[in-house]
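Worksheet: the structure to be examined is printed underneath.
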Amino acid sequence: MRMVDLIAKKRDGQELLTEEINFIIEGYTKDEIPDYQMSALAMAIYFQDMNERERADLTMAIVNSGDTIDLSDIEGVKVDKHSTGGVGDTTTLVLAPLVAALDIPVAKMSGRGLGHTGGTIDKLEAIAGFHVEISKEEFVNLVNKDKIAVIGQSGNLTPADKKLYALRDVTATVNSIPLIASSIMSKKIAAGADAIVLDVKTGAGAFMKTVEDAKELAHAMVSIGNNVGRKTMAVISDMSQPLGFAIGNSLEVKEAIDTLQGKGPKDLEQLCLALGSQMVFLANKASSLEEAEAMLKEVMTNGKALTKFKEFIANQGGDPSVVDHPEKLPQASYLIEVPAKQDGVVAEIVADEIGTAAMLLGAGRATKESTIDLAVGLMLNKKVGDSVKVGESLVTIHANRENVNDVIAKIYENIRIGDHSEPPVLIYGIV
Ligand code: URA
Ligand code: CA
1 MRMVDLIAKK RDGQELLTEE INFIIEGYTK DEIPDYQMSA LAMAIYFQDM NERERADLTM
61 AIVNSGDTID LSDIEGVKVD KHSTGGVGDT TTLVLAPLVA ALDIPVAKMS GRGLGHTGGT
121 IDKLEAIAGF HVEISKEEFV NLVNKDKIAV IGQSGNLTPA DKKLYALRDV TATVNSIPLI
181 ASSIMSKKIA AGADAIVLDV KTGAGAFMKT VEDAKELAHA MVSIGNNVGR KTMAVISDMS
241 QPLGFAIGNS LEVKEAIDTL QGKGPKDLEQ LCLALGSQMV FLANKASSLE EAEAMLKEVM
301 TNGKALTKFK EFIANQGGDP SVVDHPEKLP QASYLIEVPA KQDGVVAEIV ADEIGTAAML
361 LGAGRATKES TIDLAVGLML NKKVGDSVKV GESLVTIHAN RENVNDVIAK IYENIRIGDH
421 SEPPVLIYGI V
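With the first letter of the sequence shown counted as 1, position 373 gets the number 373 in full-length UniProt numbering; the numbers rise by one all the way through.
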């Protein structure tokens, strides 16, 4: 087999065979196929697309390029959730204890990563003592005993994806449905999930800017999952404005605590119930999404979800009293209000720009070397569709520096007040 012939085949719109896809990914992982040839193939895929079978084969070839996590020592169906990423997305912190409270195993491997706020691990580390440096044995034991644990990323998972994603980034080939779908799904499958629930976001703060593109990506990932024996479902959700009120690490832990008791922001609660229902359904604990949702609401009201969160924190060395005393979370030194300059209705809160404002305060990492300030961030006091009077606070800035004029300017530029506006649709569809 020669790479040049396979590039020509895809360029001319033909399908690649399973063994050809395996040859390409193995060769590229071992540096036997050079970047220039892989770039040409990525561009050919960008224009010619891949059929369902090719997408499934590509996903499994990427999975097989490195280590895979074996969760077979954990009893029950391991359902993992993945979000395509957004601003102030507190869903994982809520969903993990919420679903575990229904005796569904949540065995989460999580990362830190770049972004407007930290990853799930950074957020959890806002809780004094909490740590994810646990052994694989301890991880498995905790999930078997209490149904929930989080471990930091280890092992050489999907090296082909790391190389290919970096290459796509500099060759204008990121934005290809078969390449995005196989990249995301390979990572979930390598991390050991039996079933996968996807939150595909759309809007300014999302990777997929339009609902049509988000739907196409959701369908692509769901069919890959189902074709390789992982039951998969997806929710398509709005990310035109940030999710919930809190954007920042401590602030989001507090928001998760509220939401676990049914006292959180309505949009965050609604999305957690939609995603959680799919998780419960795929774990075979309910026979319909409606039944699953009722079960989740019950553990929010009867306190079991909150108790599970405390148990989870204590198991991993954290101080569970923060759940009843969230003021023990790291607190910022300065609280600064951003007042509305006119009467009206909030018409737009541009998610990604508001996320960047939180990052300016230190809530997220701009580069791998940046350190996060867990205390800082933004609390939205208004969301799209809310009416506002001049002088009322739009946002409360939680800062550890006195001068936040840069952040205030960014907030004013990206919150638009108009005459009338409706709250946006939160869930565009389920797949
Ligand atoms: N996120 C991923 O993990 N991979 C892609 O290709 C795009 C977004
Ligand atoms: Ca939030």
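C-beta atoms are modelled at their ideal positions from N, C-alpha and C, and glycine is treated no differently.
{"query": "Residue span of the alpha helix (DSSP H) that contains MET276, given as start and end", "result": "With the sequence shown as reference, residue 276 is identified as Gly, and Met is not the correct amino acid for it. Run containing GLY276: 266-282, per the alpha helix (DSSP H) assignment."}
{"query": "First and last residue of the uninterrupted alpha helix (DSSP H) at MET109", "result": "Run containing MET109: none in the alpha helix (DSSP H); it sits in the beta strand (DSSP E), 106-110."}
{"query": "Outcome for PHE309 when other beta-carbon atoms lying within 10 angstroms are tallied against a minimum of 16", "result": "buried"}
{"query": "Spatial neighbours of GLU293 in its chain, beta-carbon cut-off 6 Å, leaving aside the 5 residues before and after", "result": "LEU273 and SER277"}
{"query": "Supposed close pair LYS254, LEU329 - CB separation, criterion 8 Å", "result": "6 Å"}
{"query": "Assigned exposure category for TYR28 - 16 Cβ within 10 Å defines buried", "result": "buried"}
{"query": "Completely contained beta strand (DSSP E) runs for the region 23-110, where each covers 3 or more residues", "result": "79-83 and 106-110"}
{"query": "heavy atom of ligand 3 below 7 Å from TYR334 C-beta", "result": "In the structure shown, ligand 3 is absent; the only ligands present are ligand 1 and ligand 2."}
{"query": "Exposure label - HIS325; buried when at least 16 CB within 10 Å", "result": "exposed"}
{"query": "Beta-ladder partner(s) of ASP199, from DSSP", "result": "SER83 and VAL235"}
{"query": "Exposed unless 16 or more other CB atoms sit within 10 angstroms - verdict on LYS187", "result": "buried"}
{"query": "Bridge partners - ARG416, DSSP secondary structure assignment", "result": "GLU348"}
{"query": "Beta carbon proximity, GLU255 to chain C, threshold 8 Å", "result": "Considering every chain present, this structure includes no chain C. It has just one protein chain."}
{"query": "ASP199 vs VAL235 beta-carbon contact at 8 Å", "result": "yes"}
{"query": "Any non-hydrogen atom of ligand 1 closer than 7 Å to ILE180 Cβ", "result": "yes"}
{"query": "ILE354 to GLY364 span [Cα, whole Å]", "result": "12 Å"}
{"query": "Residue closest to GLY377, alpha-carbon to alpha-carbon, out of GLU311, LEU335 and PRO339", "result": "LEU335"}
{"query": "MET295 burial status per 10 Å Cβ neighbour count (16 or more: buried)", "result": "buried"}
{"query": "Opening and closing residue of the beta strand (DSSP E) in which ALA149 lies", "result": "148-152"}
{"query": "Rounded separation between LYS382 and LEU114 - CA only", "result": "27 Å"}
{"query": "Neighbour-count burial assignment, THR210, 16 or more Cβ in a 10 Å radius", "result": "exposed"}
{"query": "Touching by the beta-carbon criterion (3+ pairs, under 8 Å), the region 168-181 and the region 139-154", "result": "no"}
{"query": "Same chain, Cβ closer than 7 Å to PHE23, five either side skipped, listed in chain order", "result": "MET1"}
{"query": "Cβ-Cβ distance between GLY391 and ALA340 below 8 Å", "result": "yes"}
{"query": "VAL388 - partner residues in DSSP beta bridges", "result": "GLY344"}
{"query": "Counted within 10 angstroms of its Cβ, other Cβ atoms place ALA190 as buried (16 or more) or exposed", "result": "buried"}
{"query": "Ligand 2 heavy atom lying under 7 Å from the CB of THR84", "result": "no"}
{"query": "Contact check, LEU102 vs LYS263, beta carbons under 8 Å", "result": "no"}
{"query": "Status (buried if at least 16 other CB within 10 Å, exposed otherwise) for PRO34", "result": "exposed"}
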